[in-house]
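Report on the structure given below.
Number of protein chains: 4
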Amino acid sequence: METVTETSWLSDDRLELMRASVPVVYVEAVPVRVDALGNVTRIGLLLRVASDGSISRLIVSGRVKLGELVREALVRHCEKDLGPLALPRIPVDPAPFTVVEYFPDPDKTGYHDPRQHAVSLVYVVPVDGDCEPTQEALDLAWFTPAEAASRAVIGQMTGGQDRLLRLALAHVGQLP
Amino acid sequence: METVTETSWLSDDRLELMRASVPVVYVEAVPVRVDALGNVTRIGLLLRVASDGSISRLIVSGRVKLGELVREALVRHCEKDLGPLALPRIPVDPAPFTVVEYFPDPDKTGYHDPRQHAVSLVYVVPVDGDCEPTQEALDLAWFTPAEAASRAVIGQMTGGQDRLLRLALAHVGQLP
Amino acid sequence: METVTETSWLSDDRLELMRASVPVVYVEAVPVRVDALGNVTRIGLLLRVASDGSISRLIVSGRVKLGELVREALVRHCEKDLGPLALPRIPVDPAPFTVVEYFPDPDKTGYHDPRQHAVSLVYVVPVDGDCEPTQEALDLAWFTPAEAASRAVIGQMTGGQDRLLRLALAHVGQLP
Amino acid sequence: METVTETSWLSDDRLELMRASVPVVYVEAVPVRVDALGNVTRIGLLLRVASDGSISRLIVSGRVKLGELVREALVRHCEKDLGPLALPRIPVDPAPFTVVEYFPDPDKTGYHDPRQHAVSLVYVVPVDGDCEPTQEALDLAWFTPAEAASRAVIGQMTGGQDRLLRLALAHVGQLP
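Next up, the structure:
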C-alpha cells in the first residue's frame, strides 16, 4: 500500500488519532491493458526503491477521503500513480471484485499495513492511455499474466499484494 | 431476443433438431455510455418495427456458435447490432452479471422465447465509438437510466427484457 | 442505517471527531429465506417506531470496528438485529454485491445518513434459524420479493434503503 | 468434466449430432465446507480411478438438460455426485463466479473436453450435510485450501480443472 500519507485534508495528529480509532477506507486498482475481446494482456505494476535499495512492485492504492466518492478516489489515485493521460476505465459495477483487510499484525489476514487497519476495495481497471508514473514511483512496468504470476515478479511484492495480484488474475480468468 | 436466425453454420433443419434437444447458449449485451468516473450515463436500446407496426426496443443478443468463444460472440453480436465502429468494451471478468433463462412457456421464468430454451449470459458493455444500427434494426436510441426505467421505455420491451434491463440498471447502481 | 451508536470502543467525542475526519466503514445485510434451489422466497425487514410514531423498515446495518474483520462485523450485526439463533449464512465471496455511499447531504448519492459519510459494503445473507429482533427493533417481518418491492413496503424505508432493497432483489434475480 | 453421458433425455445419436452442432451448457460446482464467518475451510473433490489405474480428482459437473433450470441442474448434479443428504446451498446470485469454456482442442482455452465444446457456469456451493459419493466416484475427499492448492492435489486434476479450482479458491479469498 502507498507510503505517502495524504495530509492535505488531515493533519498528522488527526490522522494518527483516526487510525487509532477506526478502520480506514482504501481503494486499490490493478491497472491492465486489454485486447478487443476484453482479455487482459498486460498488468501494470509500479516500481519503487525502498530505503535498503531493494525494488518492490505495487499496484495503485490510496485512501478515500471524507466527502469523496469511491469512484473519485479511484480516478484520483490512478492519476496520481499513472499520470494524467492514463485514461483509466473505472468499472460500471460499484462493487469491488474483492475486499482485502490490512492490519498492523501481519498474521491476522496475511495483508499487512504497519500503519493501520485498512478495509480496501479492489478493482481491476483497464487503462488505454499513456502511463507515466509520477510521485515517488521509479517506473511502471507491464507484465503478461504469466510473467506477473511468476516468482520473479510476485517475489518483489510485499504486504500481501502478491496474493492480491493473483486474486486479480483469477478474477479475469488469467491465473496461469 | 433476436429474431434473425443465424443459419450460416447450421441448416434450418439442424437448428430445429438442436432446439428440440438441448438448451442453446446465448449472450446478451446492454450497451452503455459511461463518464470518466465509470457512471453509466446512457443505455442504448435498439428499435425494431414488429409486423403489426408496433415498435419494440431490445438489447444486443445472439447465439454462441460451435467453436466460438463467449467473448467472440459478444463482439460479433455487438458489431452486428451496433455497427463496426461501436468499439465495445468487453468486460475483463468472464462471468456475466446475471444469467437469464428463456423458455417457450412464458410463465416458467418470465423470460420468454417462443423458439427455444436459451441460457443467456448477460453483460453490460460500455461502447465508446459511433453506433449505427445495422441489419433489421430501425434505429438505436440512447436513454438516461431514469428514462430507460420509465414505463414509456420499459413498456416497449417484451419477453422479459424489460426486467433484464432493470437488473442491469441495478447492477451498475443506477436503478431509480 | 442504525441509529444506536456503538460507543463501546469509542467515546462520543472520539466518534464525533472521527466522523469529521474520515469516511466510516459499514456493513449491511439483507436477510433472506431461500428454498432448496437457492431462490430467495422471503426478505426480512426490521420494524422500528420513529419518534413521530411512524413505522420505518430497515435492513441489518452497522459499523465495522477497529480490529474487526468484515465477516465478524456481519455476524455481530446479524446477531444484534436478528437474535442469537438466526444462523446467518455469511457469503463465501468476500466482495459485497454492491457498495453504497451515505452522506449527510441527501442529494449527493441518494443514500442519506445525517450523521456521517459512510461507505457501506452490502451483502445478501440467507438465514436459516429462528429470528427474534433484539434491541430497539419492534419486530422483524418477512416479505415475498413482490411484497418487498411494493410501494406499501418500499414506502416505509428511508435514507435510500428502499433503493438498496431493490438492488438486492435485482442481484438475486427477483426484481418483479 | 464428468465422463458418464446422460442419455436419459437424449439418444446417443442425438447427443452426437447435437455436439457437432452447438455448444453444450454445463454447470460445475465446487463443494465447500464453511465456518460460521463464511470462510471456506474445506474443498470437496471427487476421486475416480481412470482406466489406466491412475486416480484423478474432480469437482461436481454435468449438463443442463432441455427444459431444466440452471438451479435444478446444480441440485441434480450435486445429489448425483455427493449423495441425497449433502444439502447443497445453491447461491442466491444466479450468476456463476466464472465461466469456463471447454473445447476438444486442448490448447484453445486450456480447458479440455475431448467430446465437446461446453460452456460451463461454475459456482461455489457450500454443503452442510453428509456426503457420500455415488455413481462411479470412489470417494470424496475434503482438503484445506492450502492442501487443495498444493501440487499433490492439483497435480491429480486434468482438463483444466486444476486451474478452475484455483480460480474458485481466489474467488473466496483463499488462494494461498
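Chains as they are written, first to last, in our numbering: chain A, -16 to 159; chain B, -16 to 159; chain C, -16 to 159; chain D, -16 to 159.
For glycine and all other residues, C-beta sits at the position ideal for the given N, C-alpha and C.
According to DSSP, is A/ARG2 part of a helix, a strand, or is it coil?
Three-state DSSP puts A/ARG2 in a helix.
State the CB to CB distance for the pair D/LEU29 and D/ARG40, rounded to an integer number of angstroms; the pair is presumed to be in contact (CB under 8 Å).
Contact flag correct, Cβ pair sits at about 7 Å.
Under 7 Å Cβ-Cβ, which residues of chain C neighbour A/LEU52?
Going along chain C in sequence order, the residues near A/LEU52 (Cβ under 7 Å) are GLU84.
How many Å lie between A/SER133 and B/PRO14 at the Cα?
Whole-angstrom Cα-Cα distance: 36 Å.
So, do the segment 105 to 125 of chain A and the segment 37 to 51 of chain B have three or more beta carbon pairs nearer to each other than 8 Å?
Segments in contact, no.
Measure from the C-beta of C/ASP76 to each C-beta in chain D and report whether the shortest distance is under 8 Å.
Yes, contact with chain D.
Please report the distance separating the alpha-carbon of D/VAL8 from that of C/ARG54.
Computed Cα separation, rounded: 34 Å.
If we require 3 or more residues per run, which beta strand (DSSP E) segments fall completely within the segment 34 to 103 of chain A?
Whole beta strand (DSSP E) segments, 3+ residues: 38 to 41, 43 to 46, 81 to 85.
Output yes or no for whether 8 Å exceeds the beta carbon distance between D/PRO116 and D/LEU158.
Cβ atoms of D/PRO116 and D/LEU158: not closer than 8 Å.
State buried or exposed for C/ALA131, treating a residue as buried only when at least 16 other CB atoms are found within 10 Å of its CB.
Buried, since its Cβ has 16 or more Cβ neighbours within 10 Å.
Say whether chain D places a C-beta atom closer than 8 Å to the C-beta of A/HIS154.
Judged by the 8 Å Cβ criterion, A/HIS154 is in contact with chain D.
Given a cut-off of 8 Å, decide if A/ARG31 and A/LEU148 are closer than it, judged by their beta-carbon atoms.
Cβ atoms of A/LEU148 and A/ARG31: not closer than 8 Å.
DSSP state of C/ALA124, grouped into three classes?
The answer is strand: DSSP assigns C/ALA124 an E or B state.
Take the Cβ of B/LEU(-2) as the centre, count every other Cβ of all protein chains shown within 10 Å, and call the residue buried at 16 or more, exposed below.
Buried: at least 16 other Cβ atoms inside 10 Å.
For the alpha helix (DSSP H) that contains D/LEU148, what are its first and last residues?
D/LEU148 -> alpha helix (DSSP H) spans 144 to 154.
Where do the N-terminal and C-terminal ends of the alpha helix (DSSP H) with A/ALA12 fall, by residue?
It is not in any alpha helix (DSSP H) - A/ALA12 instead sits in the beta strand (DSSP E) that spans 7 to 17.
Between D/SER4 and chain B, is any beta-carbon pair separated by less than 8 Å?
With 8 Å as the cut-off, D/SER4 counts as an interface residue toward chain B.
Pull the bridge partners of A/ARG25 from the DSSP assignment, please.
In DSSP, A/ARG25 forms a bridge with A/ARG16.
Can you list the residues of chain A that C/HIS100 reaches, using a CB-CB cut of under 8 Å?
In chain order: LEU49, GLY50.
Please report the straight-line C-alpha distance between A/PRO77 and C/ARG146, rounded to a whole angstrom.
Their Cα atoms are separated by approximately 15 Å.
Would you mind sorting D/SER44 into buried or exposed? The rule is 16 or more other CB atoms within 10 Å of its CB.
Buried: at least 16 other Cβ atoms inside 10 Å.
So, is B/THR81 buried or exposed, given that buried needs 16 or more other C-beta atoms within 10 angstroms?
So B/THR81 ends up on the buried side.
How big is the Cα-Cα spacing for D/GLY138 and A/ARG72?
Using only the alpha carbons, I get a separation of about 38 Å.
How many Å lie between C/ASP113 and C/ARG16 at the Cα?
In a straight line, the C-alpha of C/ASP113 is about 11 Å away from that of C/ARG16.
For my contact list, C/GLY93 and C/GLY27 are in at a C-beta cut-off of 8 Å; report their separation, rounded to the angstrom.
Not a contact, Cβ separation roughly 23 Å.
Starting from the beta carbon of D/GLU130, find every residue of chain C whose beta carbon is closer than 9 Å, and list them in chain order.
None at all; the shortest Cβ gap to chain C is about 18 Å.
Does the beta carbon of C/ARG(-3) sit closer than 8 Å to a beta carbon anywhere in chain A?
Closer than 8 Å to some Cβ of chain A, the Cβ of C/ARG(-3) qualifies, so yes.
Using a Cβ cut-off of 8 Å, pull out every chain B residue sitting near A/ALA19, in sequence order please.
Within chain B, the residues near A/ALA19 are VAL58, ILE73.
Report the partner residues of A/PRO159 according to the DSSP bridge assignment.
A/PRO159 is not bridged to any residue.
Name, please, each residue of chain C whose Cβ falls closer than 7 Å to the Cβ of D/VAL23.
Within chain C, the residues near D/VAL23 are VAL75.
Which first and last residues belong to the alpha helix (DSSP H) in which A/VAL136 is found?
That run of the alpha helix (DSSP H) goes 134 to 137.
Just mark B/PRO74 as buried or exposed, buried being the case when its beta carbon has 16 or more other beta carbons within 10 Å.
Buried, by the Cβ-count rule.
Give me whichever residues DSSP pairs with A/ARG(-3) in a beta bridge.
Its beta-bridge partners do not exist; DSSP assigns none.
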